[in-house]
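Asks:
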Amino acid sequence: MEKYLIRRQFIKLRIKGKTNKECEKIIREKYSVNFDRRTLRRWWKRFSGSDEWDLRDFSQKPAKLPIKFSEEEKEVVEKVRKNFGYGPKKIRIQAQRIGIDMSISTVKRIIKQTGLSKGSKMEGVKLKWVRFERPNPNDMWQIDGDENDDGTWRVPVVDDCSRYCLGVYNIKDNTTEAMIIILESLIAIHGKPKQILTDNGSEFGGSKDWDSDFDKWCEKMEIIHIRSGVHKPTTVGKVSAVQRTIQAELPHWKGDLELWRMMYNHERPHESLRGLTPADVYFQFKRHKKHYEL
Numbered sequence: 009m010e011k012y013l014i015r016r017q018f019i020k021l022r023i024k025g026k027t028n029k030e031c032e033k034i035i036r037e038k039y040s041v042n043f044d045r046r047t048l049r050r051w052w053k054r055f056s057g058s059d060e061w062d063l064r065d066f067s068q069k070p071a072k073l074p075i076k077f078s079e080e081e082k083e084v085v086e087k088v089r090k091n092f093g094y095g096p097k098k099i100r101i102q103a104q105r106i107g108i109d110m111s112i113s114t115v116k117r118i119i120k121q122t123g124l125s126k127g128s129k130m131e132g133v134k135l136k137w138v139r140f141e142r143p144n145p146n147d148m149w150q151i152d153g154d155e156n157d158d159g160t161w162r163v164p165v166v167d168d169c170s171r172y173c174l175g176v177y178n179i180k181d182n183t184t185e186a187m188i189i190i191l192e193s194l195i196a197i198h199g200k201p202k203q204i205l206t207d208n209g210s211e212f213g214g215s216k217d218w219d220s221d222f223d224k225w226c227e228k229m230e231i232i233h234i235r236s237g238v239h240k241p242t243t244v245g246k247v248s249a250v251q252r253t254i255q256a257e258l259p260h261w262k263g264d265l266e267l268w269r270m271m272y273n274h275e276r277p278h279e280s281l282r283g284l285t286p287a288d289v290y291f292q293f294k295r296h297k298k299h300y301e302l
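Counting in my numbering, the sequence shown tops out at residue 302, every number present.
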């Protein structure tokens, strides 16, 4: 028997004129439970003094839970968030590098309390998709263009295995010729990939033209061109994620794309790389492979 039902019976008895002693006896005989007269007096006093009590137990949870974190933790979170624009997971990794270990929830609380939340409706929302990843650097590159506010285009190229940003360029026109020039310049530095993954933009031949100038160039270079599915932007998710990261973090580097790329590749920890940087994996893959697969 739930306690609030017993309280209801007790209140009915008191309203009928029964004393606490009589109520105690009736409740004991009817429900086989004992409540002393002190408890019954407290119930009657609470009922008489409040029009809002529903006879249920009051919650013992405090109205506001104390948020416990040290000033040192707060200082680190604020500094990394303001200087780099990193999210909670990357902030935690950066803190661990200097010997400060705190939970993701603590980092999130500090961000919220200090007014450093970006207020995104998607903040904290987990999306589901099928993840794929090539096993070795240069197995696959991803390339994508995103239009800037001034009508120019920003084009990053990302290695699928390591997330290493091979290059990021601002170009005037988003054309096939421009994409080929970018890729040829990167191939001269890093060697050629086995595959290139693109969306279905016209610069890559669109969704129907499988004999485009871009496809002919790939065939000449002996590179397999893979297109994403139509209306499937998450297929090129890694390079799209880099586009969003550039958008969020570039202001912290005063718009300097090459400085941002250096920090992204060599300093910024990556969650899917177990806290390693893209450069760790791209340039020293064999050395780190054992750790990476833990």
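Backbone N, C-alpha and C fix where the C-beta goes; we use that ideal spot for every residue, glycine too.
1. Here's a check: name, in chain order, each residue in its chain whose Cβ is nearer than 6 Å to the Cβ of V258, leaving out the five neighbours to either side.
2. Between which residues of its own chain and H260 is the CB-CB distance below 7 Å, once the five residues before and five after are set aside?
3. Would R16 and L63 qualify as a contact pair, given that the criterion is a beta-carbon distance under 8 Å?
4. Check whether the segment 274-291 touches the segment 161-178, counting contact only when three or more Cβ pairs, one atom from each stretch, lie closer than 8 Å.
5. What residues are listed by DSSP as bridge partners for Q150?
6. Report the partner residues of I189 according to the DSSP bridge assignment.
7. Kindly give me the distance between the Cβ atoms of K202 and D147, rounded to whole angstroms, as I take these residues to be in contact under 8 Å.
8. In terms of DSSP beta bridges, what is H4 paired with?
9. Taking the C-alpha atoms as reference points, what is the distance between P286 and V247?
10. Is the beta carbon of D152 closer than 8 Å to that of P143?
11. Does the distance from the CB of L21 to the CB of I34 come in under 8 Å?
12. State the beta-bridge partners of E155 as determined by DSSP.
13. If you count every other CB in all the chains shown that lies within 10 Å of the CB of I254, and 16 or more means buried, which is it?
Replies: From the atom records:
1. For the purposes of this step, residue 258 is taken as the residue at position 250 of the sequence shown. Just to set this straight, residue 258 is Leu in the shown sequence, not Val. Short of 6 Å from the beta carbon of L258, and not among the five residues preceding or following it, lie these beta carbons of its own chain, in chain order: W268.
2. To locate residue 260, count along the sequence shown from 1; it is residue 252. Leaving aside the five residues that flank H260 on each side, the residues in its chain whose CB is nearer than 7 Å to its CB run, in chain order, N91, F92 and G93.
3. Numbered from 1 along the sequence shown, position 8 holds the residue referred to as residue 16. Numbered from 1 along the sequence shown, position 55 holds the residue referred to as residue 63. In contact: R16 and L63 (Cβ atoms closer than 8 Å).
4. yes
5. Position 142 of the sequence shown, counting from 1, holds the residue named residue 150. Beta-bridge pairing links Q150 to V166 and L205.
6. Within the sequence shown, the letter at position 181 stands for residue 189. Note: I189 sits in no beta bridge, so no partner.
7. For this step, residue 202 is matched to residue 194 along the sequence shown. For this step, residue 147 is matched to residue 139 along the sequence shown. Sure, about 5 Å apart at Cβ, within 8 Å.
8. It is not possible to answer for residue 4, since the shown part of the chain is limited to 9 through 302.
9. Working through the sequence shown from its first residue, we reach residue 286 at position 278. Working through the sequence shown from its first residue, we reach residue 247 at position 239. Going from the Cα of P286 to the Cα of V247 covers about 13 Å.
10. As a working mapping, residue 143 is identified with position 135 in the sequence shown. As a working mapping, residue 152 is identified with position 144 in the sequence shown. Not in contact: P143 and D152 (Cβ atoms no closer than 8 Å).
11. Within the sequence shown, the letter at position 13 stands for residue 21. Within the sequence shown, the letter at position 26 stands for residue 34. Result yes, Cβ atoms of L21 and I34 sit closer than 8 Å.
12. Looking up residue 155 in the sequence shown gives position 147. Per DSSP, the beta bridge partners of E155 are W161.
13. Taking the first residue of the sequence shown as position 1, residue 254 is located at position 246. Flag for I254 reads buried.
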